[in-house]
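Each remark here refers to the structure printed beneath this line.
2 protein chains.
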Amino acid sequence: MLKKERQAYILHQLNLHNKVLSSSLSTDINVSEDTIRRDLMELAAEGKAIKVHGGALSHSFSKVDLPANEVYSLNQKRRIAQKAISLISNGMFVLTSGGTTVLEMARMLPHQLKATFISGSIAAILEYINHPNIEVIIIGDKISKSSKITVGSEAIAKIRQMKPDLCFLGTNAIDLKHGITDSDWEVVQLKRAMIESSQRVIGLSIAEKINTFQPIRICEATKIDTLITELPADDPLLKPYSDAGIKIL
Amino acid sequence: MLKKERQAYILHQLNLHNKVLSSSLSTDINVSEDTIRRDLMELAAEGKAIKVHGGALSHSFSKVDLPANEVYSLNQKRRIAQKAISLISNGMFVLTSGGTTVLEMARMLPHQLKATFISGSIAAILEYINHPNIEVIIIGDKISKSSKITVGSEAIAKIRQMKPDLCFLGTNAIDLKHGITDSDWEVVQLKRAMIESSQRVIGLSIAEKINTFQPIRICEATKIDTLITELPADDPLLKPYSDAGIKIL
DNA sequence: CAAAATCCCGCACAAAAACGCACAAACAGG
DNA sequence: CCTGTTTGTGCGTTTTTGTGCGGGATTTTG
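In structure tokens form, the structure reads like this:
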């Protein structure tokens, strides 16, 4: 049995039962537990499983452990959110993606701001609802358990028929050569649609994601109009982007 | 049973009952109390539970005890939810409305149930997401701030093009003469669509709402197939409904 | 205040993981 | 074809992790 084949089988079992045991898999496919363990580690590294002692769990179980160590980047994200908010004016239609930076922005929206926010991110929606003057439109479709946002053709079709003033995109990786990239196929599809529909796209990215890339490409970096990081606009790290015609904030 | 799995189970119980006993958990999952205690300590360290002598408390409960009458109606709703859940089988497509009873049902869904839930209620969606085996489809549209559900023509159109197996309807008022009624125009539109699309409609209503009515009519009472209250099925209050051909549970 | 329940501590032990190594099959390139 | 390299796999050995148990300390309760 080929490695890929075996891993596909493991993933299938994982989706089916939401958990797998190294021991049972080993007797099941007739390979050593060591091999299973190595497979599980690979799958975990690719984000397709969660490795635990004794086997692995499906991502849908991960709700149990949200990492609390992320406090570190919180301040950076707040700074980004602050800059992003300055771009929003009363009466605008604003489309937002998922991601923690966007979520932080949602939390910091000034009370008196009157605008309409469109999103498929459950967490962001929750924040918008609590604001007194913000209208919320949710993009419906199947919800991806891993990213907690709606994905699928319905969602994409819905986005395509809008023309929002602004689009805030939480970017996982941006690089002039590789463009804007991500690791989840469904999310990529969605973000691509968001970018194409919007009059002005604003990328939100903490500095450590600048000049990095991930397996799947969304679009060229120059498709975004404005890039916001926690750094000052004249930071040398951002110079190439500014030269490429992207506004920096 | 894996450690993470067990802890997930404990957390689920905690969210459900707002408290857990080490002793009962121990006999429940068939592990030593020591192990449970260690789990609770870990969960407490992560801030997901509050360890107390004899078990643990949910974080939300730490405040003050809910007023007695709320607890009272909570128990009624739990009883309704329990009956409602018994109607759901694996693989079903289930459409649910908003309301606290439906929300309670969402919380009580058994861990191993595999089904697809469709809803426009933000609170319900949040509960569904936390279940490992449930697929979630959200109905998108504008969100009504008062009821925290999506309303509007898009939502209605979306519902119209589905044919779910079951529809659970939190009913605010039901009466044989006036039918099922509600007070919010947009919600009424939505519920009407839900009833028409579904193969089987189950009304959830606490007894005090039986034989009451509100300003706007959704449909006749007989449009629902099954009525679930916290009362036993042979309660005289429900006799007229049963005579009208509605199944009582 | 005394009995009962619960917790805490150290220990034992089995299951699982990590590590280093061996080995064979697949591959690449003269 | 031969040969050096990479890749996937299995096998001991050592470490780590998860769990249960006994007994003494502590808390709860009537």
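In order, the protein sequence lines correspond to chains A and B. Numbering of the first sequence is given in the numbering used here, commencing with residue 1039 and proceeding in unit increments. Numbering of the second sequence is given in the numbering used here, commencing with residue 1039 and proceeding in unit increments. Glycine included, C-beta positions come from ideal geometry on N, C-alpha and C.
Secondary structure of residue i, DSSP reduced to three states
i                      : result
residue 1175 (chain A) : strand
residue 1139 (chain B) : helix
residue 1206 (chain B) : strand
residue 1098 (chain A) : helix
residue 1194 (chain B) : helix
residue 1285 (chain B) : strand
residue 1276 (chain B) : helix
residue 1121 (chain B) : helix
residue 1040 (chain A) : coil
residue 1199 (chain B) : coil
residue 1050 (chain A) : helix
residue 1234 (chain A) : helix
residue 1126 (chain B) : coil
residue 1271 (chain B) : coil
residue 1081 (chain A) : helix
residue 1113 (chain B) : helix
residue 1147 (chain A) : coil
residue 1105 (chain A) : Any reading at residue 1105 (chain A) must be qualified, since the residue scores a pLDDT of 41, below 50, and its modelled position is unreliable; the value itself is stated next. Residue 1105 (chain A): coil per DSSP, three-state reduction.
Rounded C-alpha distance that separates residue i from residue j
i                      : j                      : result
residue 1132 (chain B) : residue 1205 (chain B) : 6 angstroms
residue 1145 (chain B) : residue 1090 (chain B) : 23 angstroms
residue 1195 (chain A) : residue 1094 (chain B) : 46 angstroms
residue 1092 (chain A) : residue 1078 (chain B) : 20 angstroms
residue 1268 (chain B) : residue 1082 (chain A) : 46 angstroms
residue 1210 (chain B) : residue 1278 (chain B) : 18 angstroms
residue 1047 (chain B) : residue 1042 (chain A) : 32 angstroms
residue 1259 (chain B) : residue 1140 (chain B) : 19 angstroms
residue 1208 (chain A) : residue 1275 (chain B) : 55 angstroms
residue 1236 (chain A) : residue 1227 (chain B) : 31 angstroms
residue 1176 (chain B) : residue 1215 (chain A) : 37 angstroms
residue 1192 (chain B) : residue 1170 (chain B) : 29 angstroms
residue 1172 (chain B) : residue 1180 (chain A) : 11 angstroms
residue 1148 (chain B) : residue 1168 (chain B) : 12 angstroms
residue 1203 (chain A) : residue 1233 (chain A) : 11 angstroms
residue 1229 (chain B) : residue 1135 (chain B) : 7 angstroms
residue 1111 (chain B) : residue 1271 (chain A) : 56 angstroms
residue 1103 (chain A) : residue 1253 (chain B) : Here residue 1103 (chain A) scores only 40 on pLDDT, less than 50, and its place in the model should not be relied on; the value that follows carries that caveat. About 46 angstroms.
residue 1123 (chain A) : residue 1231 (chain A) : 22 angstroms
residue 1074 (chain A) : residue 1067 (chain A) : 9 angstroms
residue 1071 (chain A) : residue 1052 (chain A) : 17 angstroms
residue 1044 (chain A) : residue 1087 (chain A) : 14 angstroms
residue 1055 (chain B) : residue 1163 (chain B) : 20 angstroms
residue 1160 (chain A) : residue 1250 (chain A) : 27 angstroms
residue 1116 (chain A) : residue 1165 (chain B) : 28 angstroms
residue 1096 (chain A) : residue 1061 (chain A) : 17 angstroms
residue 1261 (chain A) : residue 1178 (chain B) : 27 angstroms
residue 1099 (chain A) : residue 1224 (chain A) : 20 angstroms
residue 1189 (chain A) : residue 1059 (chain B) : 40 angstroms
residue 1085 (chain B) : residue 1238 (chain B) : 42 angstroms
residue 1143 (chain A) : residue 1222 (chain A) : 23 angstroms
residue 1064 (chain B) : residue 1150 (chain B) : 20 angstroms
Delimiting residues of the beta strand (DSSP E) encompassing residue i
i                      : result
residue 1069 (chain B) : Note, residue 1069 (chain B): premise wrong, no beta strand (DSSP E); not H, not E.
residue 1133 (chain B) : 1131-1134
Identified DSSP bridge partners for residue i
i                      : result
residue 1159 (chain B) : B:1187
residue 1093 (chain B) : B:1059 and B:1090
residue 986 (chain A)  : Because residue 986 (chain A) is not part of the residues shown, which for chain A are 1039 to 1287, the question remains open.
residue 1241 (chain A) : A:1207 and A:1265
residue 1182 (chain B) : B:1187
residue 1292 (chain A) : No answer is possible for residue 1292 (chain A): it lies beyond the span of chain A, which begins at 1039 and ends at 1287.
residue 1154 (chain A) : A:1131 and A:1173
Nearest-angstrom Cβ-Cβ length linking residue i and residue j, presumed shorter than 8 angstroms
i                      : j                      : result
residue 1218 (chain B) : residue 1256 (chain B) : 5 angstroms
residue 1118 (chain B) : residue 1240 (chain B) : Contact doesn't hold; Cβ gap of about 10 angstroms is too wide.
residue 1187 (chain B) : residue 1158 (chain B) : 5 angstroms
residue 1247 (chain A) : residue 1212 (chain A) : 6 angstroms
residue 1201 (chain A) : residue 1040 (chain B) : Actually they do not touch by this definition, with Cβ atoms about 48 angstroms apart.
residue 1153 (chain A) : residue 1137 (chain A) : With a Cβ gap of about 19 angstroms, residue 1153 (chain A) and residue 1137 (chain A) do not count as contacting.
residue 1287 (chain A) : residue 1183 (chain A) : No, residue 1287 (chain A) and residue 1183 (chain A) are not in contact; Cβ-Cβ is about 33 angstroms, not under 8 angstroms.
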